[in-house]
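Worksheet: the structure to be examined is printed underneath.
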Amino acid sequence: MDSHNEDGSSISSNNGPANSHESINWANIEQYSIIKFLTKEGSTPMEIYPRLQTIFQEKTLPEVQVYYTAGRFAEGRESIIMLEDFKLAETNYEPSPTASYTNVSIESNEAQKQEEEIQIPNFNTNREVDFTLKQATGNEDMSSVVSSLFENPSYSTSSYALTKQLGGRQLHWSWNLFEIMDLLISLHDNEGTSHKETRLIFENEATIAELKETIYSTWSIDKKYQELFCSGRVIHTIRNTNTLIKAGIKDDDTIIVKHTRLDNWAQFTKMVEIAREARKVKKEHKIKEAVNYAINQLKGFKEADFFLAYPALLDTFTCFNKEFAHYVDTDHEYMTHAAQYYFSKLFNDDLENPTVESMCNPNPKSGAQGGLICRITKNGVDVGSYYIKPHLGLTPRSSSNPHYADLRELFVYRLLELIKVGPVVHFLPNVYHSTFGLYIATQEVQGFRTAAEVRMGAEQMYQLELLQNAFYLIDLHTSNYGLDSDGQLCVVDFQIGSHAGSGKAALEKYLKGQKELRVKVGKDCFRAWGFPETLDEADDRITNQKNFFEKKPIYFEDEEEPVAFFSALWVF
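Using my numbering, read the sequence shown as starting at 47 and increasing by one per residue.
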């Protein structure tokens, strides 16, 4: 039957009065180990007791117990007193099956000096240990205790304190005495500012490679990205087998660690300042030039885990993105990179032997928005042609905040695709750099003829006006709409205008003139287009883009989603 702690966690009873396993008093065990160690070093009980008080304070063993224990150790005997800390809660208690074990040689009988092997658990330092030795006899050797002691979470603190007291001699379960050095490890940036510090203890014979490995495990800076300095000089790491002593490192030295990408970071920050100065005087070409140089300095930063080492510098990078991402996102070079990445995924390109290519050129008819015509091939065969432009809501033209997304534009593009009045549409994130940018790619419509090239019928024009008034479409010049190969209305490009007013006002505007015919066209369209269900579907199908914006963050407001503006139009 199980009982429960106050916090609700269960305690297995295992049928027996002694089943609540008594936790080891690690403070006592550490003190027994230290007493034996100091006794072997020749310290007297009068010297040992103050050392223990310094380390353990109110948890220090009684003075008489320290004297008694030291006396037994001095005579070559183990202390019977320590056995109180190793009582078994139950003689048949088995350690956790998840524990790992190490073989420790102990003296089972002082008189016979025979050795036997027993298994001592290596404790998980991330949890409180509830453990008692299975073979708690008066002949237990202290070496087995100390070997387990090293796995105890509190050991590192008391061991470090003792090591400092003894001037560099370390307690070790094998009782070997060796010289060590205590080093302050400090992570600096390119301006000499310290970002992290820690103290580490090494044996004098430890190598440079071991030092770098410890730094890697501490701060996640790969060894190949580490630059080490001591006393103002570089620690050359070509021969990583050199010991710390041979490298001129001494006890209590400070080791300065720098990431090898810091020179690139310094150039990045310099280019950012140049871009800001150029922006003050509105020199667009200077801004773009500086931004491009800045971005080039950051190549390889992700692979090098630079910001994992220097999280405080991430704010500078984030501010740069917020200030200048729109210069990057509207640049044709980055649009081309985004297209190549996206269409390689879309057409299942082979990562080891790429065959998908994106050939992108400026669209001479794209006007103020800018854009590219991208021809996509796989193994040299055309698989599609796309017009790509920046998402209007993320360009500085639409808002003083360039990171404000206008979901209406994405919604309408998706809706027009669903009701077959627009091209197949894809939304491409700018993964190459800014990660803020989003591009809209519309597939070429087969047989499409612009309104400038073909005569539009009255019904198609009423359909266009309905969409124009319902969804606030602007920039509908004759190159942006026309007829597809079946003679049906097709809108290939547009912008979203202000939605000042209500859905009812938009409806009244549409119904002006030829009201009876306009009502008929409207009713036919709503039935043919599957309203209002297709509106809900279009909204659902921009969920990925909403999630994308939320992660950046790019701001948008739910109440400005298009569905809410058109409720007055369902009453035909």
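All C-beta atoms, glycine included, are put in the ideal place defined by N, C-alpha and C.
As computed with DSSP, residue 489 is found in a beta bridge with 432. Residue 343 sits close to residue 314, with the two beta carbons spaced by under 8 Å. Less than 8 Å divides the Cβ of residue 307 from the Cβ of residue 350.
The alpha-carbon separation between residue 298 and residue 277 amounts to approximately 11 Å. DSSP, reduced to helix, strand and coil, places residue 514 within a helical segment of the structure shown. In chain order, 417, 418, 419 and 433 place their CB closer than 7 Å to the CB of residue 409, counting only its own chain and leaving out the 5 sequence neighbours on each side. As a beta-bridge residue in DSSP terms, residue 228 pairs with 247. When 257, 472, 557 and 279 are compared, the shortest CA-CA separation from residue 269 is found for 257. Counting along the chain, the unbroken alpha helix (DSSP H) around residue 94 starts and ends at 91 to 102. Residue 296: not part of any alpha helix (DSSP H); DSSP gives it neither H nor E. Scanning 95, 272, 261 and 254 for the CA closest to the CA of residue 292 turns up 254. Contact between residue 431 and residue 490 holds: CB atoms are separated by about 4 Å, below the 8 Å threshold. For residue 566, the enclosing alpha helix (DSSP H) covers residues 561 to 574.
Between the beta-carbon of residue 570 and that of residue 541 there is about 27 Å, and that puts the pair past the 8 Å contact cut. For the region 324 to 392, the continuous alpha helix (DSSP H) assignments of 4+ residues that do not extend past its boundaries occur at 330 to 343, 352 to 355, 360 to 375 and 378 to 392, in sequence order. In this chain, the beta strand (DSSP E) harbouring residue 272 covers 272 to 276.
In the DSSP assignment, residue 258 falls outside any beta strand (DSSP E) and within the unbroken alpha helix (DSSP H) covering 254 to 265. Excluding its 5 nearest sequence neighbours in each direction, residue 401 has C-beta neighbours in its own chain below 7 Å: 395, 424 and 425, listed in chain order.
A Cβ-Cβ separation of about 5 Å places residue 458 in contact with residue 517 under the 8 Å criterion.
The alpha carbon of residue 567 has as its nearest neighbour, out of 502, 242, 85 and 507, the alpha carbon of 507. Assignment of beta-bridge partners to residue 527 by DSSP yields 537. Looking at 336, 289 and 355, the one whose alpha-carbon comes closest to that of residue 233 is 355. Annotation for residue 519: 458, 513, 537, 540, 541, 542 and 543 place their beta carbon closer than 8 Å to its own, counting only its chain and skipping 5 residues before and after. The C-beta distance from residue 96 to residue 112 rounds to 10 Å, too long to meet the 8 Å contact threshold. For residue 594, DSSP assigns no beta-bridge partner whatsoever.
Taking the Cβ atoms as the reference, residue 312 lies roughly 5 Å from residue 236, within the contact range of under 8 Å. Counting of Cβ neighbours within 10 angstroms places residue 331 among the exposed residues, the total staying below 16. Taking each of 365, 370, 407 and 398 in turn and checking the Cα distance to residue 381, the smallest one comes out for 407. Under the DSSP assignment, residue 464 falls in the alpha helix (DSSP H) whose first and last residues are 453 to 464. The C-alpha of residue 452 lies about 45 Å from the C-alpha of residue 263. Only buried fits residue 460, as 16 or more other CB atoms lie within 10 angstroms of its CB.
Looking only at 429, 398 and 246, the smallest Cα-Cα distance to residue 405 is reached by 429.
Per DSSP, residue 107 is not a residue of any alpha helix (DSSP H), being assigned neither H nor E. Judged by DSSP secondary structure, residue 474 falls outside any alpha helix (DSSP H) and instead within the beta strand (DSSP E) spanning 471 to 475. Look at residue 544 here: in three-state DSSP terms it is coil, with no helix or strand label.
Residue pairing of residue 320 in beta bridges, as defined by DSSP: absent, with no partner found.
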